[in-house]
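Let me begin by presenting the structure, written as structure tokens, before commenting on it.
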Amino acid sequence: MIESNVIEYPDPNQSLLIERLDEAIKQLEQAPSFSKPTKAGRLFDTVKRVLHADGGFKIISQQIKRIEKAGAFDNSDYAKPQILIPALSAPALLSNDVYTVIIETLSELRFLAVAKQEYVHPEISSEQAHHFLTQVLAVNLKRLFSAADEAERELQGRLAEISRGLLHHLAESIGYEHVIDQLIDEIWRILQQRPIQVDHVKQMVTQIAICRQNPDIDMGNSGQGADRLISSLFGPTQACREDPGVEIYQQRLQSMDNAALQYEASGFARAMHDTGLVSPYHSVLLRHLSEETDYLLSEALGLSSTGRDCLLSFSDLVRALIAKAIHPETAQGIYGLALMLERGILYQSAMAPSLWRQLSLPLSPAAEQRLNSLFGDSPCASNRLLAGVLCVLGQPLGIGQGNNPTCQSARAMSMWAYNDPDYLLQMVVWAARDDEIIMHFEGKAISSQDSLSGIASHLPMDLDPVSLILVPHLDRIYAEMGRCCIDREGDPHRWVNPEFHGWWCGRGFSINVDVASGKLMQLEVFLRHFYASYHPYYNDNQPLIHPQPAGIAVTDSAMRFVGWHAITILRVTLDPDNVMRVYFYNPNNDSGQNWGDDIQVSTSGHSERFGEASLPFEEFASRLYIFHYDPLEPGQFALVKTEELQRVIERIHRSWGASRLPELNS
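Each position in the sequence shown, counted from 1, maps to that position plus 180 in the working numbering.
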């Protein structure tokens, strides 16, 4: 049914934008042909402001017929919608050119109006428009259901809000069921990386479940692989198969004998370890079993002999953690608890007392307000933070930076959780209790309260509980350490990284970019040094002992330089196909990125552990620009083959180094 022409705007603050939009359309309608480009530019500027406002996509949709007839698409390919190609929407929506993003958005809203039969178009039918939009959603699936990456943040800024808002508006308007199979594949790809933050994944699974339950949605043959995902959240076991609600499930547990409880426990554990998702029902069971035997508790956590021994050794602590941290709202903490026990880190002498301290840690008003503002006040902020601590300790490679330029802070947290977990817990205490962290740079105390602003321009909010508390402090300290090096020649990472991350960070430092000019320098020497330090064939087969910070030049799928990014080199070894690979941690929310030149970062299928990304050694080296090493172990430079290095250099020259060649420096 075609909607009425009467437009309602519940927000009175939108009225001015509506008037400006109407005026801009009128001016384009009345403009002679020679001045239409100028008037179209003004219209696009107005459209941009409207799209940033609440309800902006609906407002533009209701005016899209007028916008097209006024000539907004004239003298462009968009004037002939029947020739447009859905696959080209992806680069257009990722463009950093304002008008490209706006005109692409207007075109998609035109297709939507036609698909919904609100606009009878002379060139395309409703069916054609609908099919076109399903293809647009399919090719933009990653942006529809994942957080923004460095490319979007650096190249687009706030334009990314329009691109992503458009995709969500289209999906909600035409139905997610049309991209359900691609959606399921995307969910599994994300879960394979085992991120800590899975709320967006749960939203996707919920959307699939809603689509399947809606009798008005004909899913056809799509969504056949969704059962495991849906059941992992809403009905992992027989006793909660029909999703009865946590209160009813709690009542059912009261009447179960040990055999039935064991059946429930093993069912939840299988679902959790299979998907990385935890059902709220699992928290109800775990709290119930905390009053039962250690055996049933171990079954519910899905522990191996290592984790079981750790549970038996620290039974009182584990039960105290469950009582405080595990609730239906924080069920994901169960997975963190299980993996923490599997790591065996409680056997480190400082860990158990540190966690006992965390159990009774008072929070500062600022920390409590920050947690409540993002997660709500149920459970309380201290319980929410403790659940986050369990996740970070269990999944140190699952920490993500969110849509924030704080990769350095996220990397440091991951390294501490991975390598020095009791130090991370000390950081949490300082930040959460004192609202201040003090670190030292070459003997000088640096306070997060006294430091100037950090790298992030605003307070990061799209983070896990621990990151939410720590990152603002770490970001300011890291930036302050950089300011301490402002008068030094060379890259400040040389001095900052070892002081910031820890003693295990190599004091040797190598970089292939001249800081002053931005040009490449001594590429072959840099690469020979990297091979000699990290490649097992050239370093006497010495495995990497401690994770090492490194910097990469991120490129997009077209090999264009995006920006500098902090990662952690975890290990270098042969994969099952006897290809030497670098396995690394990327604090970006999704490590499976296409860096162009056939460099597709892998997150599974090449013996990656959960949270690791990997690339063949040569491909990784072609995006590396700084690394740390032990200066007492220089490696055997002479044994690195020149032809191998030349392949890497050619990759650099045709990608991020194309504009940094020394000969271009006049």
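No residue lacks a Cβ here, since even glycine has one placed at the ideal position from N, Cα and C.
Where does residue i fall in DSSP's three states?
i: valine 734; result: strand
i: glutamine 728; result: strand
i: histidine 745; result: strand
i: proline 416; result: coil
i: valine 695; result: coil
i: methionine 760; result: strand
i: proline 796; result: strand
i: valine 781; result: coil
i: glutamate 366; result: helix
i: asparagine 774; result: strand
i: leucine 754; result: strand
i: tyrosine 765; result: strand
i: histidine 348; result: helix
i: serine 184; result: Bear in mind that the predicted position of serine 184 carries a pLDDT of just 33, short of 50, making it unreliable; the figure below should be weighed with that in mind. Here serine 184 sits in coil by DSSP.
i: histidine 808; result: strand
Can you tell me whether residue i is buried or exposed? The criterion is at least 16 other CB atoms within 10 Å of its CB, across all chains shown.
i: methionine 595; result: buried
i: methionine 641; result: exposed
i: glycine 487; result: buried
i: serine 195; result: exposed
i: serine 213; result: exposed
i: lysine 249; result: exposed
i: proline 190; result: With a pLDDT of 45 at proline 190, under the threshold of 50, the modelled position of that residue is not reliable, and the figure given next carries that caveat. Proline 190 is exposed by the Cβ-count criterion.
i: phenylalanine 817; result: exposed
i: tryptophan 675; result: buried
i: asparagine 394; result: exposed
i: glycine 731; result: buried
i: tyrosine 527; result: exposed
i: asparagine 320; result: buried
i: glutamate 427; result: exposed
i: isoleucine 263; result: exposed
i: isoleucine 283; result: buried
i: asparagine 721; result: exposed
i: proline 302; result: exposed
i: glutamate 349; result: The question names glutamate, but residue 349 is histidine in the sequence shown. Its Cβ being crowded by 16 or more others within 10 Å, histidine 349 is buried.
i: threonine 218; result: exposed
i: proline 542; result: exposed
i: valine 608; result: buried
Counting only the same chain and skipping the five closest in sequence on each side, list residues whose C-beta sits under 6 Å from that of residue i.
i: histidine 709; result: Ser690
i: methionine 452; result: Val458, Tyr515
i: alanine 511; result: Val458, Pro460, His462, Ser463
i: arginine 222; result: Ala204
i: serine 589; result: Val651, Leu654, Asp655
i: phenylalanine 253; result: Ala259
Taking 7 Å as the threshold (C-beta atoms), are residue j and residue i in contact?
i: threonine 735; j: tryptophan 775; result: yes
i: lysine 699; j: arginine 840; result: yes
i: arginine 566; j: alanine 503; result: One detail in the question is off: residue 566 reads as leucine in this sequence, not arginine. No, these two residues do not count as a Cβ contact at 7 Å.
i: alanine 612; j: alanine 547; result: yes
i: phenylalanine 224; j: tyrosine 279; result: yes
i: arginine 374; j: phenylalanine 790; result: yes
i: aspartate 602; j: alanine 532; result: no
i: isoleucine 244; j: leucine 313; result: no
i: glycine 524; j: cysteine 490; result: yes
i: glycine 580; j: valine 646; result: no
i: leucine 231; j: isoleucine 342; result: yes
i: cysteine 571; j: isoleucine 376; result: yes
i: valine 316; j: isoleucine 304; result: no
i: valine 828; j: glutamate 798; result: yes
i: leucine 208; j: glycine 251; result: yes
i: aspartate 755; j: histidine 726; result: no
i: valine 742; j: phenylalanine 800; result: no
Could you tell me whether any non-hydrogen atom of the ligand SAM is closer than 6 Å to the CB of residue i?
i: glutamate 209; result: Because no ligand of any kind appears in the structure shown, any question about the ligand SAM cannot be addressed here.
Using a Cβ-Cβ cutoff of less than 7 Å, which residues in the same chain neighbour residue i once the five nearest sequence positions on both sides are dropped?
i: glutamine 372; result: Thr783, Ser784
i: proline 729; result: Arg591, Asn677, His681, Cys685, Ala746, Thr748, His808
i: glutamate 479; result: Gln442, Ala445, Ser446, Ala449
i: valine 385; result: Ile367, Leu409, Ile410, Leu413
i: glutamate 849; result: Any answer about residue 849 is impossible in this case: the structure gives the chain only from 181 up to 846.
i: asparagine 692; result: Leu700, Met701, Gln702, Leu703, Phe706, Tyr805
i: arginine 687; result: Pro678, Pro811
I'd like the list of long-range same chain contacts for residue i, defined as Cβ closer than 8 Å, with 5 residues on each side in sequence excluded.
i: leucine 724; result: Tyr714, Ile749, Leu750, Arg751, Val752
i: aspartate 630; result: none
i: proline 842; result: Lys699, Leu700, Met701
i: methionine 520; result: Leu526, Leu570, Leu573, Gly574
*Could you name each continuous alpha helix (DSSP H) segment of 4 residues or more that falls completely within the stretch 426-510, going from the start of the chain to the end?*
Every unbroken stretch of the alpha helix (DSSP H) spanning 4 or more residues and falling wholly within the stretch 426-510 is given here in chain order: 426-434, 438-455, 460-469, 474-481, 485-493, 495-505.
*Those runs of the beta strand (DSSP E) which lie wholly inside the stretch 574-627 and span at least 3 residues*: Listed in chain order, they are 618-621, 624-627.
_So within the stretch 638-695, which uninterrupted alpha helix (DSSP H) runs reach at least 4 residues, ignoring any that extend past its ends?_
Counting only runs of 4 or more, we get 645-664, 673-681.
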